[in-house]
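S.K.: Below you'll find the structure I mean.
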Amino acid sequence: METLWAPWRMAYITGPREGGCILCEKAAGTDDPVNLVLARGRWAYVLMNLYPYNNGHLLVAPYRHCDRLADLSPDELLDLMRWLQRSETFLREELRPDGFNIGLNLGKVAGAGMEDHLHLHVVPRWSGDTNFMPVIGETKVMPEHLAATYAKLAPRFAASSREGGR
Ligand SMILES: [Zn+2]
Numbered sequence: 068m069e070t071l072w073a074p075w076r077m078a079y080i081t082g083p084r085e086g087g088c089i090l091c092e093k094a095a096g097t098d099d100p101v102n103l104v105l106a107r108g109r110w111a112y113v114l115m116n117l118y119p120y121n122n123g124h125l126l127v128a129p130y131r132h133c134d135r136l137a138d139l140s141p142d143e144l145l146d147l148m149r150w151l152q153r154s155e156t157f158l159r160e161e162l163r164p165d166g167f168n169i170g171l172n173l174g175k176v177a178g179a180g181m182e183d184h185l186h187l188h189v190v191p192r193w194s195g196d197t198n199f200m201p202v203i204g205e206t207k208v209m210p211e212h213l214a215a216t217y218a219k220l221a222p223r224f225a226a227s228s229r230e231g232g233r
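Residue numbering for the sequence shown follows this note's numbering, starting at 68 and increasing by one per position.
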């Protein structure tokens, strides 16, 4: 596959050299299914959270390593929001949730796990799911859900990416 536009390479080049940033590493990665990357826009990308709060928990992040909204350009902000919008649409259609929690944790004190690279959380909610959610902040890994959910969502995001993300 020929890639003509690969701004995530810039994230790799300009990202931190050591210490590592998971979001920079996933952005620069080449094996999207292994990295659970669902979509790559011009300025932002979508991936599944490896430690989900709930089934279908997605992250939408700019390629660029930055930790505050004020650092984002208008193009980056718009791409972030467009992919957030598509994430809601595709999750609604594929997983039929009753609602969503969508949010941004800025800074460790606010609960950010990867505090240096901002990212939006998209968490589908179903009536009664709090019984199964680690509301005290612990995360649980649901590998079978991850693979199955990726298989459901990936074609939707792939089609959207091919259309130029429109
Ligand atoms: Zn980063």
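For every residue, glycine included, the Cβ atom is placed at its ideal position computed from N, Cα and C.
Since this is a predicted model, take the numbers as computed values, not measurements.
Leaving out five residues on either side along the sequence, give the residues of the same chain with a beta carbon under 7 Å from the beta carbon of residue 165.
M.R.: 192, 193 and 194, listed in sequence order.
S.K.: Which runs of the beta strand (DSSP E) spanning at least 3 residues fall entirely within the region 126 to 180, listed in chain order?
M.R.: 166 to 171
S.K.: How close, in whole Å, do the beta carbons of residue 128 and residue 188 come, if the pair is a contact with beta carbons under 8 Å?
M.R.: The Cβ separation is near 10 Å, so there is no contact.
S.K.: For residue 186, does the three-state DSSP call read helix, strand or coil?
M.R.: coil
S.K.: Would you mind working out which of 175, 108 and 93 sits nearest residue 115, comparing C-alpha positions?
M.R.: 93
S.K.: Return the CA-CA distance between residue 167 and residue 156, expressed in angstroms with no decimal places.
M.R.: 11 Å
S.K.: Quick one: Cα of residue 224 to Cα of residue 197, how far?
M.R.: 28 Å
S.K.: In the DSSP assignment, find the unbroken alpha helix (DSSP H) run with residue 117 in it and report its ends.
M.R.: Counting along the chain, residue 117 falls outside any alpha helix (DSSP H), and DSSP gives it neither H nor E.
S.K.: For residue 123 and residue 213, what's the separation of their Cα atoms in angstroms?
M.R.: 8 Å
S.K.: Return helix, strand or coil for residue 192, following the three-state DSSP convention.
M.R.: strand
S.K.: With respect to the alpha helix (DSSP H) encompassing residue 90, which residues constitute its N-terminal and C-terminal limits?
M.R.: Note, residue 90: alpha helix (DSSP H), 89 to 95.
S.K.: For the beta strand (DSSP E) that contains residue 107, what are its first and last residues?
M.R.: 104 to 107
S.K.: Compute the distance between the beta-carbons of residue 109 and residue 146, then report whether it is under 8 Å.
M.R.: Yes; because the gap between Cβ atoms is below 8 Å, this pair is in contact.
S.K.: Could you name the residues that DSSP lists as bridge partners for residue 111?
M.R.: 129
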